[in-house]
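Scroll down for the structure; my scribbles are underneath it.
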Amino acid sequence: MAKKKGKTRAEFRKKHQGRVRDADLTRQFRQRPEENSIEDAVQAERLSGKGALTRKKTIAGAEREVDDDGGLQVDLKVDQTNLVQGRVLSVHGLQSKVLGQDDNLYACSTRQVLKSLATDQRGVLVAGDRVWFRIEHRDGVGRMSASQRAGAIRLEGAGENSALGGQSDQIVVADGMIERIEPRHGIICRASRGKQHVIAANVDALLIIASAAEPGIKPVLIDRMLLTAAQCEIEPIIVINKVDLVDFASLQALVGVYASLGYRVLPTSAETGQNLEYLRAFLKQRQTALAGQSGVGKSSLLNAIEPGLGLAVSHVSAENQKGRHTTTASRLIPLSDGGAVFDTPGIRQFQLWDIEASEVAGLMPDLRPYVSHCRYPNCLHLAEDDCAVKNAVADARIDARRYDAYCHLLEDDLVA
Ligand code: GDP
Ligand code: ZN
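Numbering of the sequence shown is given in the working numbering, commencing with residue 247 and proceeding in unit increments.
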């Protein structure tokens with residue numbers, strides 16, 4: 247099963263670590279000095295969980311150390327009386343839109359001391375953050391101008407209808423000052439130009455959406471997103487949409503493999519409504535990120551689940567799609583029953599990747615039990631002798647298609 251061995255695996259390199267783990271790759275980079283920049287080699291940005299870039303610093307006024315790698319742990323001595331709890335829907339420069347627990351929308355600034363905690367000031371807050379903020383009177387300092395306010399009240403891309411549980415006017419009721427950011431879990435990062443940027447925080451689940459037809463199902467994309475979920479330690483659920491277009495029996499074998507690995511698989515149809523109640527129940531009380539190729543029906547499913555959301559469906563506007571592709575900001579769309587979904591451009595398109603070749607097998611539950619039994623501790627399970635993973639494939643203890651996907655992921659597909 248050995249595949250093109252000489253191919254560069256530049257995408258596995260974490261530039262900020264300042265070294266390359268794969269010796270062959272180091273050699274390749276030395277031999278090709280014109281490609282001395284990872285940005286040249288890797289066109290696409292990559293997506294990862296919380297990475298290895300961790301530094302600690304302590305600041306005056308902070309109760310404990312701050313982990314500024316994206317898993318920002320901010321715990322200031324803040325008097326929480328008179329503070330309102332909320333979650334960050336989107337961030338625009340120094341302003342963020344925060345949905346308060348009172349269901350009102352606030353345009354918030356961030357307290358200076360919190361900003362100084364972040365190495366990259368742009369990254370101090372992201373969609374999904376849970377915050378405590380102080381409501382500021384409109385005649386107070388930090389008041390927005392009329393034009394700023396006008397810009398802030400529109401949840402871009404959400405159409406005329408509000409994402410806020412069907413309220414028709416998405417109005418910022420007041421300004422606010424964020425005094426505290428809760429510790430994060432479920433972090434999704436984008437690695438770009440050797441730096442990691444958190445693009446979504448407190449992601450409880452990753453909804454991996456494929457379609458049974460138009461476009462046809464691509465299991466390797468599902469496998470890839472399962473790896474991302476495993477790496478980010480976020481619960482995945484596989485949705486196979488457009489089942490109205492096929493005889494579901496044709497998908498049984500594939501679904502069986504995922505189900506046997508312990509993954510939840512949900513066949514749906516935005517057209518007929520099949521299993522939408524189940525999906526609605528899943529999305530309730532969670533912050534869920536959506537991943538899936540363009541055209542599989544992400545917007546259609548959300549619109550069916552939350553009438554009034556008014557997300558643009560692919561064929562409606564090519565312009566709109568284009569806009570989504572170029573934006574890197576993510577936003578959180580609240581659902582009326584308490585859940586929320588992330589609209590995160592990079593995740594939607596499977597473009598992003600950041601994982602070490604040696605980590606991949608360990609993140610696949612079917613390959614993982616065998617990796618420690620290979621003859622070579624650094625075995626990549628490709629061309630090596632005495633490979634326990636390949637032996638397990640040979641006697642069908644590992645599904646051959648999954649192993650094939652593993653080989654693809656390692657050698658072909660990591661740069662989308
Ligand atoms: P997105 O790019 O993933 O957001 O996909 P869209 O929601 O824009 O849907 C792409 C196309 O697939 C549109 O023409 C939808 O009408 C269609 N579509 C979405 N869900 C279904 C479904 O369950 N069944 C069928 N037959 N078509 C669907
Ligand atoms: Zn092996």
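The beta-carbon is built from N, C-alpha and C at its ideal position, and this holds for glycine as well.
What is the DSSP secondary structure of residue i, reduced to helix, strand or coil?
i    : result
H619 : coil
P611 : coil
Q533 : strand
K544 : helix
I358 : Note that residue 358 corresponds to Gln in the displayed sequence, not to Ile. Reduced to three states, the DSSP call for Q358 is helix.
A475 : helix
F427 : Checking the displayed sequence, the identity of residue 427 turns out to be Ile instead of Phe. Residue state, collapsed to three classes: strand.
P461 : coil
P580 : strand
I434 : strand
L467 : helix
I445 : strand
V370 : coil
A353 : strand
A420 : strand
A575 : coil
I551 : helix
E605 : helix
So, at 8 Å on beta carbons, what are the nonlocal neighbours of residue i in its own chain, with the 5 sequence-adjacent residues on each side left out?
i    : result
D612 : L507, I644, D645, R648
M197 : Look at the range of the chain in this structure, 247 to 662, and you will see that residue 197 is not part of it.
S283 : Here S283 scores only 33 on pLDDT, less than 50, and its place in the model should not be relied on; the value that follows carries that caveat. For S283, where only same-chain residues beyond five positions count, there are no Cβ hits under 8 Å.
What does the alpha-carbon distance come out to for the pair residue i and residue j?
i    : j    : result
V501 : E657 : 25 Å
R532 : A456 : 21 Å
R510 : L473 : 15 Å
L548 : P591 : 15 Å
Q341 : K544 : 28 Å
V370 : A586 : 21 Å
E523 : L512 : 11 Å
L345 : L529 : 18 Å
S219 : I463 : Residue 219 lies beyond the range of the chain shown here (247 to 662); nothing can be said about it.
L467 : G608 : 18 Å
A516 : E425 : 41 Å
V606 : A537 : 19 Å
Q442 : C435 : 6 Å
N328 : R577 : 27 Å
A447 : P461 : 30 Å
G519 : T534 : 20 Å
H619 : S496 : 35 Å
D421 : V444 : 25 Å
A662 : G432 : Since pLDDT at A662 reaches only 37, below the 50 mark, its modelled position is unreliable, and no value is offered.
V542 : N487 : 7 Å
I360 : D348 : The identity of residue 360 in the sequence shown is Leu, whereas the question assumes Ile. Rounded to the nearest angstrom, the two C-alpha atoms are 24 Å apart.
V449 : E479 : 10 Å
G339 : A575 : 11 Å
R430 : L655 : 29 Å
A451 : P580 : 15 Å
D493 : G584 : 35 Å
G556 : M610 : 37 Å
Q498 : V419 : 50 Å
D589 : N521 : 22 Å
What residues in its chain sit with their C-beta under 6 Å from that of residue i, if we drop five residues either side in the sequence?
i    : result
V635 : L613, Y616, H627
V489 : A458, P513, S515
A638 : Y616, I644
C633 : C620, C625, H627
R376 : R333, E428
Q331 : Q347, W378
S336 : K343, A373, R577
Could you pull out every residue in the same chain whose Cβ sits closer than 7 Å to the Cβ of residue i, ignoring the five residues on either side in sequence?
i    : result
R526 : I551
A651 : P465, V466, D469
D631 : R621
Y504 : I484, V511
L491 : A458, A459, E460
Hey, is residue i close to the ligand GTP, as in C-beta under 6 Å from one of its heavy atoms?
i    : result
S515 : Ligands present in the displayed structure are limited to the ligand GDP and the ligand ZN, and the ligand GTP is not among them.
With a floor of 4 residues, list each alpha helix (DSSP H) that falls wholly inside the stretch 624 to 656, ordered by position along the chain.
Entirely contained in the stretch 624 to 656, the alpha helix (DSSP H) runs reaching 4 residues are, in chain order, 634 to 640.
Is it a yes or a no for the stretch 452 to 468 touching the stretch 628 to 644, going by three-plus beta-carbon pairs under 8 Å?
By the Cβ test, the stretch 452 to 468 is not in contact with the stretch 628 to 644, since fewer than three Cβ pairs between them sit closer than 8 Å.
Which ranges does the alpha helix (DSSP H) cover as unbroken runs of at least 4 residues, wholly within the stretch 478 to 537, from first to last along the chain?
For the alpha helix (DSSP H) assignment, the uninterrupted runs of no fewer than 4 residues enclosed by the stretch 478 to 537 are, from N- to C-terminal side, 498 to 506, 522 to 529.
For the stretch 471 to 489 against the stretch 601 to 616, are there 3 or more C-beta pairs whose distance is under 8 Å?
The way I'd put it, the stretch 471 to 489 does touch the stretch 601 to 616; three or more beta-carbon pairs between them come closer than 8 Å.
Are at least three pairs of beta-carbons, each pair with one atom in the stretch 481 to 491 and one in the stretch 619 to 626, less than 8 Å apart?
Pairwise C-beta distances place the stretch 481 to 491 out of contact with the stretch 619 to 626, as fewer than three of them are shorter than 8 Å.
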